[in-house]
Amino acid sequence: MNAVAAAIDPELAAANALLRERGLVALNPAAAPLGDARAALARISAFLNEGSVPLDEESDLRIPVSGPASGRDILCRLYRPDGIARPPLLVYAHGGSFALGDLDGWDGALRALVRQSGIAILHVDYRLAPEHRFPAAFDDIVAAIRHVTHSGEALGIDPQRLAVGGDSAGANLALGAALALRDAGASPLRFLLLHYGAYSTDGDSPSWRRFGSGAYVLSRAQLDWVWSTYLSHPGQKTDWRVAPLLAPLAGLPPAHLAIGTLDPLLDDNERLAAGLAAAGVPCRLVRYDGLVHGYIRYGRLVGSVGRAIADSAAALRMALGD
Numbered sequence: 001m002n003a004v005a006a007a008i009d010p011e012l013a014a015a016n017a018l019l020r021e022r023g024l025v026a027l028n029p030a031a032a033p034l035g036d037a038r039a040a041l042a043r044i045s046a047f048l049n050e051g052s053v054p055l056d057e058e059s060d061l062r063i064p065v066s067g068p069a070s071g072r073d074i075l076c077r078l079y080r081p082d083g084i085a086r087p088p089l090l091v092y093a094h095g096g097s098f099a100l101g102d103l104d105g106w107d108g109a110l111r112a113l114v115r116q117s118g119i120a121i122l123h124v125d126y127r128l129a130p131e132h133r134f135p136a137a138f139d140d141i142v143a144a145i146r147h148v149t150h151s152g153e154a155l156g157i158d159p160q161r162l163a164v165g166g167d168s169a170g171a172n173l174a175l176g177a178a179l180a181l182r183d184a185g186a187s188p189l190r191f192l193l194l195h196y197g198a199y200s201t202d203g204d205s206p207s208w209r210r211f212g213s214g215a216y217v218l219s220r221a222q223l224d225w226v227w228s229t230y231l232s233h234p235g236q237k238t239d240w241r242v243a244p245l246l247a248p249l250a251g252l253p254p255a256h257l258a259i260g261t262l263d264p265l266l267d268d269n270e271r272l273a274a275g276l277a278a279a280g281v282p283c284r285l286v287r288y289d290g291l292v293h294g295y296i297r298y299g300r301l302v303g304s305v306g307r308a309i310a311d312s313a314a315a316l317r318m319a320l321g322d
């Protein structure tokens with residue numbers, strides 16, 4: 001067994017071996033056609049979601065967009081906890097390098113989070129790059145939060161108890177949306193739930209140099225592809241909506257951050273936690289030994305991922321519960 005395999009959580013290593021046995025192999029979108037990479041991710045997600053039982057109340061809905069981009073709507077999936085009439089709500093953005101992922105792929109993880117927290121989740125099917133480049137995805141998450149703020153009662157949720165969250169690219173979008181709403185004044189958000197987000201465009205941090213070979217899912221070449229696919233031009237890398245660590249962090253709601261210890265984005269998450277603390281924002285950063293980037297969908301196969309979801313559920317209950 002090589003040093004990389006020895007460092008990875010044994011259950012995660014076994015899960016990845018099982019995927020390979022089933023012929024379910026993720027394709028690097030920096031090297032394969034994007035349509036093929038999207039299809040491969042969907043097949044892997046379908047396997048990881050096997051056995052996930054739908055909640056009694058799950059529904060797809062379309063949120064109308066107002067303002068300059070009016071005339072279109074955003075597809076979302078609403079998961080409601082069983083037996084709770086007017087629950088709090090987490091608006092959620094999935095990962096996928098801003099270019100991959102869909103509503104179906106995160107069903108298992110989000111159902112588990114709803115069941116364990118008693119919090120409803122609105123999963124946003126934001127527009128993907130390169131068909132829709134920055135700031136399309138960012139705008140969609142902001143629009144979704146604003147909609148539930150004003151129309152939450154019609155959705156049967158409590159608009160006074162809102163959070164935003166996501167994983168990977170989705171965590172980037174969630175944090176950026178929270179900053180935008182703070183700057184607009186009277187943010188409705190009470191909590192942030194952020195798993196292994198990219199909060200800067202820095203691919204030369206110590207954690208990127210240590211874990212960015214591709215052996216731990218992400219590579220520095222893939223990072224270059226992400227930004228070239230998501231952004232219209234390199235100058236946008238200095239926009240705080242792309243790199244939220246460039247923005248002042250004071251005035252944000254309390255945050256729960258989670259990341260694996262083998263993730264190239266570890267330093268980004270450490271920097272965010274330190275910045276929030278320095279700005280007086282309550283924050284907890286939880287590091288999960290032996291986990292790599294993108295773990296959130298592996299809950300049925302990997303015990304430490306189940307613990308990460310349980311920790312997130314507990315944080316949501318504490319922040320948004322009665």
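Taking full-length UniProt numbering, I'd label the letters of the sequence shown as residues 1 to 322.
Ideal Cβ placement from N, Cα and C applies to all residues, glycine included.
From which residue to which residue does the alpha helix (DSSP H) around residue i run?
i    : result
F47  : 34-48
F211 : 206-211
V286 : Note, V286: premise wrong, no alpha helix (DSSP H); beta strand (DSSP E) at 283-288.
N16  : 10-21
E270 : 266-278
Just grab the DSSP bridge partners of residue i for me.
i    : result
V148 : For V148, which the question treats as bridged, DSSP gives no partner whatsoever.
P64  : D73
R297 : According to DSSP, which records beta bridges pairwise, R297 is partnered with nothing at all.
F191 : A163
Y79  : E58, I121
S219 : S213
Closest to residue i by C-alpha separation, out of the options, would be which residue?
i    : options                : result
G290 : G299, S304, Y298, V281 : S304
G156 : S59, I44, D102, L252   : S59
W240 : G176, A255, L266       : G176
A178 : R77, A31, A85, P248    : P248
I119 : P87, A143, A109, G105  : P87
I84  : A30, R115, A13         : R115
L193 : E11, Y92, N16          : Y92
L276 : V242, R77, A13, L252   : L252
R146 : D56, A184, R127, R133  : A184
Y288 : L113, D263, P244, G197 : D263
R80  : L110, L128, Y126       : L110
V286 : A310, G170, L301       : A310
According to the neighbour-count rule (16 or more other Cβ atoms, all chains shown, within 10 Å of its Cβ), is residue i buried or exposed?
i    : result
P64  : exposed
P130 : exposed
R284 : exposed
H150 : exposed
D204 : exposed
D322 : exposed
R62  : exposed
A144 : buried
T238 : exposed
V226 : buried
R297 : buried
D73  : exposed
Need the endpoints of the beta strand (DSSP E) that residue i sits in, please.
i    : result
A258 : 255-260
Y92  : 89-93
D167 : 162-167
I309 : Looking at the DSSP string, I309 is not in any beta strand (DSSP E); the run it does join, the alpha helix (DSSP H), is 303-320.
V124 : 120-124
Does the stretch 31-43 come into contact with the stretch 8-21, if we say contact requires no fewer than three beta-carbon pairs (one atom in each stretch) closer than 8 Å? no
Please confirm if the stretch 195-210 is in contact with the stretch 10-18, defined as three or more CB-CB distances below 8 Å between the two stretches. no
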